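Below is one structure; the comments refer to it alone.
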Amino acid sequence: MTDERRDEKILSAAVRQDGHPDEVFQEAPTPGGKDTRGEGAVAATAAIEGGVAVYEASLWGDAWRELRKNPLFVISSIFLVYFILMAAWPPPFSRWPVALAGLAACAATVLLVTSRWMSAFTRRRGRLLAAVVCLAPLVVFLLYATTVEGQSPKDADLANSVQFEWGSFDHPFGFDIQGRDYYTRVVYGARVSVVIGLLVVGVDVVIAIILGGFAGFYAGKSDAVISRTADIFFALPVTLAGIVFLNVVGERGLLQVSAVLIFLGWPTLMRLMRSSVLSGKESDYVQAARALGANDLRIMRVHILPNGIAPVIVYATISVGIIISAEAALSFLGVGLQLPAISWGLMISDAQNRITTSPHLLAFPALYLSIVVLVFIILGDALRDALDPRLR
Amino acid sequence: MGRYVARRMLQAIPVFFGATFIVFAMVYAIPGDPIRALNGERPISESAQAELRDQYNLDDPLMIQYLKYVGLWPDEPNGFNGLLQGNFGTTFRGYPVSEIMKEKIPVTARLAVGAFIVETIVGLILGLLAGLRRGSFMDNAVLVTTTVVVAVPTFVLAFVSQIIFGVTLGWFPIAGIQDGWMSYVMPSFVLATASLVYIARLTRTSLVENLRSDYIRTAQAKGLSRARVVGRHALRNSLIPVVTFLAVDLGALLGGAIITEGVFNIPGIGREVFLAIRGQEGAVVVGIVTFGILVFIIANLIVDIMYAVLDPRIRLD
């Protein structure tokens with residue numbers, strides 16, 4: 574067998590299994606030398622048997638392989654899981670050693686999911702078992718957390734008002750003005766930020782897919798109406814319009830603030846979706862699907878959406894951070910959430926008159942807020958790098 | 034080209050009316066009777082209140098109120114007298130809103146220009162440093178710092194800089210505008226950070242992409258010096274998106290910065306509009322927001338035209 578024909582065989586083996594040929598070539602030895610034939614044969618067999626070298630090539634599959642190797646993605650994913658857990662179930666996290674254990678559990682799970690070993694394990698034992706193994710550290714932590722008695726963010730002792738001592742074991746972040754444990758308050762504050770961020774962007778993405786898909790797919794009148802409406806909302810300055818709108822609402826809770834932010838935030842994502850659909854519509858595979866008789870909904874769902882949604886997902890991830898920041902800004906200005914809600918924006922607003930005497934009141938909520946925003950920005954950046962083939 | 038400009042201008046008209054109407058409707062939906070709120074210790078008589086209500090068109094349907102405000106519907110004594118005629122309305126205390134804006138806009142403009150200068154200079158330098166050597170230490174340093182800085186909310190950044198540069202180091206005044214241009218330095222930097230990060234990243238990406246393109250390879254193959262390749266060929270094309278972003282951003286900055294002006298106690302339109310919302314001065318709120326929307330739309334219009342001039346592919350579309 575000549576070298577040329579050997580390569581051909583590896584290639585055809587890879588292609589037969591819907592594989593991506595590049596990696597097979599990487600595994601294949603360089604031509605020349607007398608051992609070539611034997612090694613080539615081994616590589617070929619490995620490829621044929623569906624070994625390491627062959628994998629399914631798709632936009633998201635490639636992106637995942639890229640992401641798995643990105644340390645920034647891994648670290649920010651750990652914090653993402655950590656903050657979501659903290660938002661979902663704050664009491665155990667109000668004890669900082671437990672919270673630290675939680676962070677470790679999140680790290681273990683994320684590191685397992687992204688490990689090379691786990692992808693091999695999944696291939697051998699199936700997804701179900703892999704999921705069980707990956708989630709094991711989290712489940713163990715959650716079981717342990719049920720036995721932990723959390724601190725209440727409302728327990729106040731005025732004697733402790735604005736006390737703060739570095740390295741205190743029981744009260745690492747000191748106390749607020751009412752003498753409530755500040756660490757507990759900061760932990761409980763995560764809920765508002767995470768819920769509003771995810772809720773607002775989630776709804777905006779749905780709006781973007783429906784309206785943007787519609788506008789892009791059926792150009793013409795409906796596109797004109799949707800796009801011009803988006804232009805109007807886009808022209809409204811977000812902070813200013815947010816203040817004006819929220820001032821009208823009497824009782825401002827989580828839902829009201831979210832509604833206003835949804836209302837003001839949808840045009841950007843809609844435009845992204847629209848332009849994505851607009852360009853996807855002209856592609857050859859859509860033409861092919863149409864020729865085969867697929868209806869509009871199927872073309873949209875199966876062909877355009879999976880390929881066109883990448884930029885929307887990237888921007889949506891970053892905008893979770895932007896929305897969290899906007900909520901904090903509105904609460905800070907006094908038009909967002911109202912007391913007794915626990916929000917980082919409100920805490921910073923309370924702290925502003927004491928920034929020189931008790932800087933800890935500003936520092937800790939600001940730190941947590943910045944970390945959460947940072948996590949989403951880094952995740953978005955990592956997703957973009959992985960999903961945009963031009964950057965590779 | 035003329036048709037393109039005309040089309041873009043026509044498209045801007047409904048956007049202006051739509052956006053201002055939404056704000057108008059929201060402001061006049063503020064709960065509570067603004068006339069009754071004027072009552073001090075001695076209540077205003079019912080007839081005087083009715084007259085004021087009539088004067089401010091508060092008894093008209095919302096749509097008519099809006100049309101009168103814009104100047105598309107005749108107001109009894111004066112005829113058409115609204116935005117289109119250059120009248121921004123009067124406050125409930127009888128003070129013309131345009132006077133307030135004349136007083137506040139220069140302050141905001143100074144802050145906006147300061148921030149604009151900062152973001153242009155610092156943003157471009159950072160973007161160039163990063164983009165010219167992709168993957169270098171400098172590139173990574175710029176990426177990391179810009180990401181971290183953009184994650185810190187503006188109001189936190191404002192407080193932190195107040196503590197560090199105002200209180201601890203004492204380099205700049207902490208708040209207010211009594212110290213001339215010195216008092217604008219710190220607020221300008223704080224206001225500029227978000228856009229600065231964006232400009233640095235935009236310059237970097239755009240430069241990296243252009244440096245890879247065929248015409249750069251040709252220029253290098255011709256034997257041109259690195260400075261000429263970058264300065265003459267790469268930079269000119271790379272800066273198109275940056276320049277357009279700068280124009281849009283200047284428009285946004287002129288619309289007022291509520292948080293920065295609030296924290297640094299700068300009496301510009303951002304702080305004014307916030308105080309007006311609190312004080313139920315609807316006319317001031319609508320006037321200033323309308324001004325902001327107008328500047329935004331004009332800036333975008335200029336950018337679109339600029340794009341068409343700089344990039345022939347767009348106007349031929």
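From first to last, the protein sequence lines stand for chains A and B. Per my numbering, the very first residue in the first sequence carries number 574; after that it's consecutive. Per my numbering, the very first residue in the second sequence carries number 34; after that it's consecutive. Ideal placement from N, C-alpha and C gives every residue a C-beta, glycine not left out. This structure is a prediction, so every number in the text was calculated from the model and none was measured.
Inter-residue spacing [alpha-carbon to alpha-carbon] between A939 (chain A) and E79 (chain B): In this structure, the CA atom of A939 (chain A) is about 50 Å from the CA atom of E79 (chain B).
Please report how far the alpha carbon of W214 (chain B) lies from the alpha carbon of L272 (chain B), in whole angstroms. Rounded to whole angstroms, W214 (chain B) to L272 (chain B) spans 29 Å at the Cα level.
Span separating the alpha-carbon of A309 (chain B) from that of P913 (chain A): Straight through space, the alpha carbons of P913 (chain A) and A309 (chain B) are spaced by roughly 26 Å.
Proximity test, Cβ basis, 8 Å: L715 (chain A) and chain B: It does not; no Cβ of chain B falls within 8 Å.
I'd like the list of long-range same chain contacts for L903 (chain A), defined as Cβ closer than 6 Å, with 5 residues on each side in sequence excluded. Excluding positions up to five away in sequence, the list reads G815 and G909.
If the cut is a Cβ gap below 9 Å, which residues of chain B does A889 (chain A) touch? Ordered by position in chain B, no residue passes the 9 Å Cβ test against A889 (chain A), which lies about 17 Å from the chain.
Flag this pair as yes or no: are the beta carbons of A285 (chain B) and I335 (chain B) separated by less than 8 Å? By the CB criterion at 8 Å, A285 (chain B) and I335 (chain B) fall outside the cutoff.
Return the CA-CA distance between P94 (chain B) and S848 (chain A), expressed in angstroms with no decimal places. Each residue's Cα considered, the two are about 39 Å apart.
Residues of the segment 875-906 of chain A whose Cβ lies closer than 8 Å to any Cβ of chain B, in chain order: Hits within the stretch, in order: G894, S898, A901, A902, F905 and L906.
Per DSSP, F737 (chain A) forms a beta bridge with which residues? Beta-bridge partners assigned by DSSP to F737 (chain A): none are found.
With H, G and I counted as helix, E and B as strand and the rest as coil, what does DSSP make of A616 (chain A)? Low local confidence applies: a pLDDT of 44 at A616 (chain A) is under 50, so the model's placement there is unreliable, and no value is given.
For D923 (chain A), the three-state DSSP class (helix, strand or coil): Secondary structure at D923 (chain A): helix, using DSSP grouped into helix, strand and coil.
The alpha helix (DSSP H) that contains R143 (chain B), what's its start and end? Element bounds for R143 (chain B): V130 to L165.
Measure the CB-CB distance between G325 (chain B) and P810 (chain A) and report whether it falls below 8 Å. In this structure, the beta-carbon distance from G325 (chain B) to P810 (chain A) falls below 8 Å.
Classify T720 (chain A) as helix, strand or coil using the three-state DSSP reduction. Coil.
Is there a C-beta anywhere in chain A that falls below 8 Å from the one on A260 (chain B)? Interface residue (Cβ-Cβ distance to chain A less than 8 Å): A260 (chain B) is not classified as such.
Let me check understanding here. Comparing Cα to Cα, which of B:F170, B:K135, B:G315 and B:I331 lies closest to V817 (chain A)? Selection B:F170, B:K135, B:G315 and B:I331 evaluated against V817 (chain A) yields B:G315 as nearest (Cα-Cα).
Contact between the segment 648-659 of chain A and the segment 731-749 of chain A is defined here as three or more beta-carbon pairs at a separation below 8 Å; is this criterion met? Too few Cβ pairs lie closer than 8 Å, so no.
Using the rule of at least 16 other Cβ atoms within 10 Å of the residue's Cβ for burial, across every protein chain shown, is P206 (chain B) buried or exposed? The residue in question, P206 (chain B), is buried, as its Cβ has 16 or more Cβ neighbours within 10 Å.
Own chain residues within Cβ distance below 7 Å of G605 (chain A), not counting five before or after: Any answer about G605 (chain A) is weak, because its pLDDT of 38 lies below 50 and its placement is not dependable; what the coordinates show is given next. Excluding sequence neighbours, G605 (chain A) sits near nothing in its chain.
For T812 (chain A), which residues in the same chain have their Cβ closer than 7 Å to its Cβ, ignoring the five residues on either side in sequence? A902.
Which residues in the same chain have their Cβ closer than 6 Å to the Cβ of Q195 (chain B), if we skip the five residues on either side of it in sequence? Around Q195 (chain B): I207.
To the nearest angstrom, how far is it from the Cα of S856 (chain A) to the Cα of G881 (chain A)? A straight-line Cα-Cα distance of about 11 Å links S856 (chain A) and G881 (chain A).
Pairwise C-alpha distance: M96 (chain B) and G894 (chain A): Taken atom to atom, the span from the alpha-carbon of G894 (chain A) to that of M96 (chain B) is near 37 Å.
Output the boundary residues of the alpha helix (DSSP H) element that contains Q294 (chain B). What sits at residue 294 (chain B) in the sequence shown is Glu, not Gln. Start and end: I291 to V296.
Could you compute how far the alpha carbon of P594 (chain A) sits from the alpha carbon of M691 (chain A)? No answer about P594 (chain A) holds up, because its pLDDT of 39 lies below 50 and its placement is not dependable.
Is there at least one Cβ from chain B nearer than 8 Å to A939 (chain A)'s Cβ? Cβ-Cβ to chain B under 8 Å: yes for A939 (chain A).
Taking 8 Å as the threshold (beta carbon to beta carbon), is R753 (chain A) in contact with chain B? False, the Cβ-Cβ gap to chain B never drops below 8 Å.
Quick check on DSSP: helix, strand or coil for F125 (chain B)? The three-state reading of DSSP puts F125 (chain B) in coil, since its state is none of H, G, I, E or B.
Could you check the C-alpha separation between P107 (chain B) and K137 (chain B) for me, to the nearest Å? P107 (chain B) and K137 (chain B): Cα-Cα distance of roughly 29 Å.
Is there at least one Cβ from chain B nearer than 8 Å to P602 (chain A)'s Cβ? Because the pLDDT at P602 (chain A) is just 39, under 50, the model does not fix this residue reliably, and the value given afterwards should be weighed accordingly. Output row for P602 (chain A): interface = no.
Nearest chain A C-beta to F222 (chain B) closer than 8 Å, yes or no? Not one chain A Cβ lies under 8 Å of F222 (chain B).
Between S650 (chain A) and the rest of its own chain, which residues show a CB-CB distance below 6 Å, the 5 nearest in sequence each way excluded? Closer than 6 Å at the Cβ level, and outside the excluded window around S650 (chain A), lie V683.
Nearest to I750 (chain A) (by Cα), restricted to the options A:M920, A:A936 and A:L956: Closest in alpha carbon position to I750 (chain A), among A:M920, A:A936 and A:L956, is A:M920.
Buried/exposed call for K854 (chain A), threshold 16 Cβ in 10 Å: With 16 or more Cβ atoms within 10 Å of its Cβ, K854 (chain A) is classed as buried.
If the cut-off is 7 Å on Cβ atoms, which residues from the segment 311-330 of chain B count as contacting chain A, listed in chain order? Listed in sequence order: V318, V322, G325, I326, F329 and I330.
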